Amino acid sequence: MKKLLLILAVALLPGCVLMDSYLMKYDTNEYRIITEIRAEASGYKTECSNPLMSNPNAIAMAEKTQFFVFYTQYQPHNEPVQKASVELNKIAQGLKDQYAKGTQVSPIFCKLKFETIEKSAESMQKVIGDKPR
Amino acid sequence: MTIEHNQSLLASIASNNPDINAAAQRVNELTEMCKAGQISKEEYAELILDVQRQVNIQENMAELEAMERLNIAINGLVTIATLAI
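Next up, the structure:
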């Protein structure tokens, strides 16, 4: 009972950040999706010179990062990941849009895009993996 | 306002935050690639936006990292307080 009162006291302290900090939890699915994004970006960047692969890869990555946005969207106490997932999706969407315009997309642009996604996903993976169990 | 002016502005950035220094260096590299014709102007503009997006991701992850430390501290204090009662 005393412990419950203490927990309630902490939860009722002012500021959403404090409450979010206390209530956030490690999520296996969240960690898995960000790992998949990193791994796929790592593989896709090697296929940028192949026009038969690069466009479908760009579409697949945009869809995957969009899925991650949807997954995190309504999770409580998870605002930093929600915001970061939106930014990651914008990076992926920018590559897909470039192919959709029908103009020549340079392989180096494709490679730089996937490298950016890979690095960003890795930095997110590191912090998401450290969430309290 | 010339490209060279903005590049000298980038070169003058010496922040305590390594993410900001890395972003400035990245923008400079992309500018050189665009000048050399390795990427189009449209691609350059998109990649510059990505640098800002990366900074936003880093900021959010720094916030999450701080929240994780706060969580450890709160749980530790709750445990100590519970034992003390």
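Protein chains in written order, with the working numbering: chain A, 1 to 133; chain B, 134 to 218.
Note that beta-carbon positions come from the ideal geometry of N, C-alpha and C, so glycine has one too.
Because the structure is a prediction, the values reported are computed rather than measured.
Counting contacts by CB-CB distance shorter than 8 Å, is residue i in contact with chain B?
| i | result |
| --- | --- |
| residue 61 of chain A | no |
| residue 73 of chain A | no |
| residue 69 of chain A | no |
| residue 135 of chain A | Here chain A comprises residues numbered 1 to 133, so residue 135 of chain A is not present and cannot be evaluated. |
| residue 53 of chain A | no |
| residue 131 of chain A | yes |
| residue 107 of chain A | no |
Looking at residue j and residue i, is the spacing between their C-beta atoms short of 8 Å?
| i | j | result |
| --- | --- | --- |
| residue 80 of chain A | residue 150 of chain B | no |
| residue 72 of chain A | residue 89 of chain A | no |
| residue 26 of chain A | residue 101 of chain A | no |
| residue 161 of chain B | residue 140 of chain B | yes |
| residue 44 of chain A | residue 128 of chain A | no |
| residue 197 of chain B | residue 177 of chain B | no |
| residue 118 of chain A | residue 49 of chain A | no |
| residue 34 of chain A | residue 68 of chain A | yes |
So is residue i in contact with chain A if we call contact Cβ pairs under 8 Å?
| i | result |
| --- | --- |
| residue 173 of chain B | yes |
| residue 201 of chain B | yes |
| residue 143 of chain B | no |
| residue 150 of chain B | no |
| residue 196 of chain B | yes |
| residue 98 of chain B | Residue 98 of chain B falls outside the range modelled here, since chain B spans only 134 to 218, and no answer is possible. |
| residue 136 of chain B | no |
| residue 179 of chain B | yes |
| residue 193 of chain B | yes |
| residue 154 of chain B | no |
| residue 204 of chain B | yes |
With distance defined between alpha-carbon atoms, name the residue in the options nearest to residue i.
| i | options | result |
| --- | --- | --- |
| residue 200 of chain B | A:60, A:78, A:61 and A:32 | A:78 |
| residue 124 of chain A | B:146, B:211, B:207 and B:190 | B:190 |
| residue 145 of chain A | A:127, A:44 and A:62 | With chain A covering 1 to 133 only, the question about residue 145 of chain A has no answer from this structure. |
| residue 109 of chain A | B:152, B:144, B:167 and B:158 | B:167 |
| residue 171 of chain B | A:126, A:111, A:133 and A:56 | A:111 |
| residue 93 of chain A | A:107, A:59 and A:70 | A:59 |
| residue 55 of chain A | A:113, A:121 and A:74 | A:113 |
| residue 158 of chain B | B:213, B:214 and B:142 | B:142 |
Exposed or buried, residue i, counting other C-beta atoms within 10 Å across all chains shown (16 or more means buried)?
| i | result |
| --- | --- |
| residue 52 of chain A | exposed |
| residue 186 of chain B | buried |
| residue 180 of chain B | buried |
Starting from residue i and walking both ways along the alpha helix (DSSP H), at which residues does that stretch end?
| i | result |
| --- | --- |
| residue 186 of chain B | 174-217 |
| residue 138 of chain B | 136-144 |
| residue 111 of chain A | 107-129 |
| residue 169 of chain B | Residue 169 of chain B -> no alpha helix (DSSP H), and no H or E assigned at all. |
| residue 61 of chain A | 51-73 |
| residue 47 of chain A | Element bounds for residue 47 of chain A: n/a, residue is neither H nor E. |
State yes or no: is the C-beta of residue i nearer than 7 Å to some heavy atom of the ligand PLP?
| i | result |
| --- | --- |
| residue 144 of chain B | No copy of the ligand PLP appears in this structure; indeed no ligand is present at all. |
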